Amino acid sequence: MLDIYQTLEISEILNEINKYSKCESNKLRIASLKMLSSFEAIKKDLTNVSEMMSLIIRHGELPIDVSFSLEKFVSIANKDGLLTIDELSHIVHDIELSHSLMHYFGRVENHLYPNIIALSNRLDSLLELEKSIKKVISPSLTIFDDASAELFSIRKKINQLENNLRFETSSLLKQFKDYLSDYSVSIRNDHFVLSVKTSFKNKVSGVIHDISSSGQTTFIEPSSLVDLSNEL
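Our numbering puts the sequence shown at residues 55 to 286.
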């Protein structure tokens with residue numbers, strides 16, 4: 055025998071409602087909704103619906119964007135775990151969304167929508183958390199150089215090493231130009247190498263990383279580049 059949920063096709067109704075949800079966690083809540091069991095609960099929710107419809111007509115739609123399920127991120131952070139840049143950006147996105155909603159409700163006449171305002175008062179301002187994350191994560195989802203003193207020092211040293219590598223490589227191309235089969239720098243095994251004619255390979259001191267299929271070119275990382283590459 056069909057139960058009332060099947061008779062009224064409640065699951066189909068909830069699926070239709072779910073299409074309008076922009077929040078990951080709400081999609082799960084909607085899918086598991088059950089009928090209200092008391093007249094008072096029904097009356098309260100109908101009042102909420104009435105207030106919300108009136109609110110939207112008077113003040114426009116709520117500034118709701120796609121929202122992420124942050125519970126797992128919070129759980130990781132509470133255990134002193136590390137969050138990725140994407141995860142931190144999701145947190146900032148939802149904080150900004152919360153602030154937009156707070157601003158929206160801040161210009162609403164409280165006495166006209168007491169139930170909805172009571173719900174909106176549960177929103178927290180996490181401005182300091184937002185500032186802390188934005189101080190580290192850039193809009194392009196990279197980490198700012200000055201996110202920490204140590205990171206700034208590391209990246210400064212990396213830039214110096216890369217400049218030294220470019221300068222040294224340019225100097226080596228000129229120094230060994232008569233021994234090269236190609237006047238350009240190649241990369242083998244993540245190392246800068248010179249394309250040295252195999253007949254002249256003994257003229258260039260360094261580490262051999264590869265040999266061309268024809269055997270006529272030997273790819274050598276000159277000794278002066280080895281230390282710089284390893285340090286980089």
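Ideal Cβ placement from N, Cα and C applies to all residues, glycine included.
Since the model is a prediction, treat every value here as computed from it, not as a measurement.
| Query | Result |
| --- | --- |
| Can you list, in chain order, the residues of its chain whose CB lies under 8 angstroms from that of E78, leaving out five sequence neighbours each side? | S121, F122, S123 |
| DSSP three-state label for L166, please. | helix |
| Output the distance between the C-alpha atoms of M55 and H144, rounded to the nearest integer angstrom. | With a pLDDT of only 45 at M55, under 50, the local geometry of the prediction cannot be trusted, and the value read off the model is given with reservation. Using only the alpha carbons, I get a separation of about 46 angstroms. |
| Taking a contact to mean a Cβ-Cβ separation below 8 angstroms, would you say S152 touches L177 in this structure? | yes |
| With a 10 Å radius around its C-beta and 16 neighbouring C-beta atoms as the bar for buried, classify S249 as buried or exposed. | buried |
| Under 8 angstroms between the Cβ atoms of K257 and Y237? | no |
| I want to know whether the segment 215-234 touches the segment 177-189 - three or more CB-CB distances under 8 angstroms. | no |
| Taking all protein chains shown into account, decide if Y167 is buried (16 or more other Cβ within 10 angstroms of its Cβ) or exposed. | buried |
| Reducing DSSP to helix, strand and coil, say where D236 ends up. | strand |
| Quick check: what's the CA-CA separation for K210 versus K188? | 21 angstroms |
| Please name the residue, chosen from I64, F254, E222, F246, that lies closest to S235 on a Cα-to-Cα basis. | F254 |
| Under 8 angstroms, do I139 and I191 count as touching if we go by C-beta distance? | yes |
| Could you please give the first and the last residue of the uninterrupted alpha helix (DSSP H) stretch that includes F93? | 93-113 |
| Between the beta-carbon of E222 and the beta-carbon of S277, is there less than 8 angstroms? | no |
| What is the DSSP secondary structure of V250, counted as helix, strand or coil? | strand |
| Any beta carbon from chain D within less than 8 angstroms of F254's own beta carbon? | Of the chains in the structure shown, none is chain D; there is only one protein chain. |
| Pairing CB atoms from the segment 159-173 with CB atoms from the segment 94-107, are three or more of them under 8 angstroms? | yes |
| Report the residue from V280, S207, E204 whose alpha carbon sits nearest the alpha carbon of S259. | V280 |
| Below 8 angstroms CB to CB, which residues in the same chain sit around L68 once its five sequence neighbours on both sides are set aside? | I84, A85, L87 |
| Taking only three categories from DSSP, how would you classify R242? | strand |
| What residue range does the beta strand (DSSP E) around T272 cover? | 271-276 |
| Alpha carbon to alpha carbon, how far is K133 from S174? | 29 angstroms |
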